[in-house]
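Undergrad: Numbering (mature numbering (1 follows the signal peptide of the UniProt record, and there is no 0)), first residue to last: -18 to -1, 1 to 271. From the three backbone atoms N, C-alpha and C, an ideal C-beta is built for every residue, glycine too. Mind having a look at this structure? Questions to follow.
Written out as structure tokens, the structure is:
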């Protein structure tokens, strides 16, 4: 519910990559691994009465999640659409496909200079890549390649954000997927190398505590702009390609660094739960388990 996006990525997904599962650590004491979560970290039943502060207040005593014990609830129920619903979805999808390729063609860098997955060219490349994977229509793969080509040409030399959504690594990730579908193994390896170098740079800074040695602000943990978005990149690559593109030990180090940051911020504010400064909103914090 009010769970921090970056903590959600770190903890809910854990470090399950591809078909293998990598434990977060082999050295934690048993009492930590098996400990019962503190009351503020436990889910509440869906029929429970919320404290009067909720949901306007974010954080304890409000719950961060709910557990559904209703008799008619089935875990993992399939979401089934009727033929009419599917036809409606495809109608709207086709309208937006037309909108993007005509209002924002691959040659248009709008907003100015925006290469990102979040709001720019790489996001449109990813959109058409997903449509291609859904329809197997080569036209959409070609459009995806055109968008990502312009995004790559627009990339500045210096990296500013470490995350998938705003940073270079997102553009390189989408480019590696498209290159793979074009059987361009050299392109795949080139983009992987760029991403791996970024991970290595961040990991070295964490291990040596030389936090100013990277072009990134390592105090930014957010999913959209910071290290949680970098962690997302590694997990996505390893899952999509079904191999260890990014070393799981590096992902583990980044995970612990993000968690430690949340602990330190929470303690500094007088709390015993993880807290993260919301980017661009001074005094606003995400919280999580």
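Across which residues does DSSP place residue 49 in a beta bridge pair?
TA: Answer is 27.
Undergrad: Check whether the stretch 181 to 192 touches the stretch 111 to 130, counting contact only when three or more Cβ pairs, one atom from each stretch, lie closer than 8 Å.
TA: As far as the Cβ criterion goes, the stretch 181 to 192 does not touch the stretch 111 to 130, which means the pair count is below three.
Undergrad: Would you report the Cα separation of residue 98 and residue 176, rounded to the nearest angstrom?
TA: Approximately 16 Å, taken between the alpha carbons.
Undergrad: Can you grab the Cα-Cα spacing for the pair residue 164 / residue 225, in whole Å?
TA: Taking the straight line joining both Cα atoms gives about 19 Å.
Undergrad: I need the straight-line Cα distance from residue 144 to residue 204, nearest angstrom please.
TA: Rounded to the nearest angstrom, the two C-alpha atoms are 10 Å apart.
Undergrad: How about residue 51 and residue 27: are their beta carbons less than 8 Å apart?
TA: Cβ atoms of residue 51 and residue 27: closer than 8 Å.
Undergrad: When DSSP labels each residue in this structure, what does residue 258 get in the three-state scheme?
TA: Correct three-state label for residue 258: strand.
Undergrad: To the nearest angstrom, how far is the alpha carbon of residue 2 from that of residue 207?
TA: Because residue 2 sits at a pLDDT of 35, beneath the cut-off of 50, its placement in the model cannot be relied upon, and the following sentence gives the value as read from the coordinates. Using only the alpha carbons, I get a separation of about 28 Å.
Undergrad: Alpha carbon to alpha carbon, what distance is there between residue 252 and residue 258?
TA: If you take the alpha carbons of residue 258 and residue 252, they lie about 13 Å apart.
Undergrad: Is the Cβ-Cβ distance between residue 155 and residue 219 less than 8 Å?
TA: Against a cut-off of 8 Å, the Cβ pair of residue 219 and residue 155 comes out as a contact.
Undergrad: Tell me the start and end of each unbroken alpha helix (DSSP H) in the stretch 63 to 99 that is at least 4 residues and wholly inside, in chain order.
TA: Taking only runs of at least 4 residues, the alpha helix (DSSP H) segments lying wholly in the stretch 63 to 99 are 65 to 85.
Undergrad: May I ask you to list the residues that DSSP assigns as paired with residue 268?
TA: Paired residues: 258.
Undergrad: For residue 228 versus residue 188, is the C-beta spacing smaller than 8 Å?
TA: No, the Cβ-Cβ distance between residue 228 and residue 188 is not below 8 Å.
Undergrad: Which residues in the same chain as residue 200 place their Cβ atom closer than 6 Å to its Cβ, once the five residues preceding and following it in sequence are excluded?
TA: Hits under 6 Å: 193.
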